[in-house]
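*Asks:*
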Amino acid sequence: MSLIPFISLWVIIFFLVLYVVMKAAVRHGIDSSHTYQLIQKYIEPNIPEKAERGPVDQETFNRIYETLNEQNFLLQEIIKTPFDNIYFVKTKEEHFFVQVGEGVTLIDQEDVKDEWKQWMERL
Numbered sequence: 060m061s062l063i064p065f066i067s068l069w070v071i072i073f074f075l076v077l078y079v080v081m082k083a084a085v086r087h088g089i090d091s092s093h094t095y096q097l098i099q100k101y102i103e104p105n106i107p108e109k110a111e112r113g114p115v116d117q118e119t120f121n122r123i124y125e126t127l128n129e130q131n132f133l134l135q136e137i138i139k140t141p142f143d144n145i146y147f148v149k150t151k152e153e154h155f156f157v158q159v160g161e162g163v164t165l166i167d168q169e170d171v172k173d174e175w176k177q178w179m180e181r182l
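Letter by letter, the sequence shown follows residues 60 to 182 of our numbering.
1. Here's the rule I'm using: 16 or more other beta-carbon atoms within 10 Å means buried, otherwise exposed. How should Val-69 be labelled?
2. Comparing C-alpha positions only, which one of Asp-167, Val-163, Glu-152, Thr-140 sits nearest to Gln-177?
3. When you compare each of Val-159, His-154, Ala-84 to Lys-134 by their alpha carbons, which one comes out closest?
4. Buried or exposed, going by whether 16 or more other CB atoms sit within 10 Å of the CB of Phe-65?
5. Alpha carbon to alpha carbon, what distance is there between Ser-61 and Val-76?
6. Report the residue from Val-163, Ala-84, Trp-175 whose alpha carbon sits nearest the alpha carbon of Arg-122.
7. Give the secondary structure of Leu-77 by DSSP, where H, G and I count as helix, E and B as strand, and everything else as coil.
8. Helix, strand or coil: how does DSSP classify Lys-172 here?
9. Less than 9 Å between the C-beta atoms of Phe-142 and Trp-175, yes or no?
10. Between the Cα of Asn-128 and the Cα atoms of Glu-169, Asp-167, Val-148, which residue gives the shortest distance?
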């Protein structure tokens, strides 16, 4: 057998096997929508379907209250979010997110993450 028909035969076999494998994969649900579902499930942030108002412990409430009182904000409500050390604060004039660590830090509107905004819209 000469070289050209030998290579042609293997190229045809390769593409035939590739076609059969891809057709079987699509038939069994491994397509772009399946991949998108996996990405949503494991990679994208897990935002709760319904935003719930979590309880705020007394120490955290006092720290946030004192910080906002120093800045002349009239505190109306503090809501615990499902995100680490992030709280949603409502005052009479506006609402914003604060981060509680060693201190209480107001988070600028430009720095608010998309998943926080989505959570707030569901509230």
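Where is the CB? At the ideal position from N, CA and C, for every residue including glycine.
*Replies:* In short, the structure shows the following:
1. One-based indexing of the sequence shown puts residue 69 at position 10. The question names Val, but residue 69 in the sequence shown is Trp. Trp-69 comes out exposed.
2. The sequence position of residue 177 within the sequence shown is 118, counting from 1. The residue with the shortest Cα to Cα distance from Gln-177 is Thr-140.
3. Within the sequence shown, numbered from 1, the residue matching residue 134 stands at position 75. A small correction: the amino acid at residue 134 is Leu; Lys does not occupy that position in the sequence shown. The candidate whose alpha carbon is nearest that of Leu-134 is His-154.
4. Position 6 of the sequence shown, counting from 1, holds the residue named residue 65. With fewer than 16 other Cβ atoms within 10 Å, it is exposed.
5. Sequence index remark: in the sequence shown, residue 76 carries index 17 (1-based). Sequence index remark: in the sequence shown, residue 61 carries index 2 (1-based). Going from the Cα of Val-76 to the Cα of Ser-61 covers about 23 Å.
6. Stepping through the sequence shown from its first residue, residue 122 is reached at position 63. Closest by alpha carbon: Val-163.
7. What you label residue 77 is simply residue 18 of the sequence shown in a count that begins at 1. Leu-77: helix per DSSP, three-state reduction.
8. On the sequence shown, residue 172 is found 113 positions in, with the first residue counted as 1. The answer is coil: DSSP assigns Lys-172 none of H, G, I, E or B.
9. What you label residue 142 is simply residue 83 of the sequence shown in a count that begins at 1. What you label residue 175 is simply residue 116 of the sequence shown in a count that begins at 1. Contact: yes.
10. For the purposes of this step, residue 128 is identified with residue 69 of the sequence shown, where counting begins at 1. Ranking Glu-169, Asp-167, Val-148 by Cα distance to Asn-128 puts Val-148 first.
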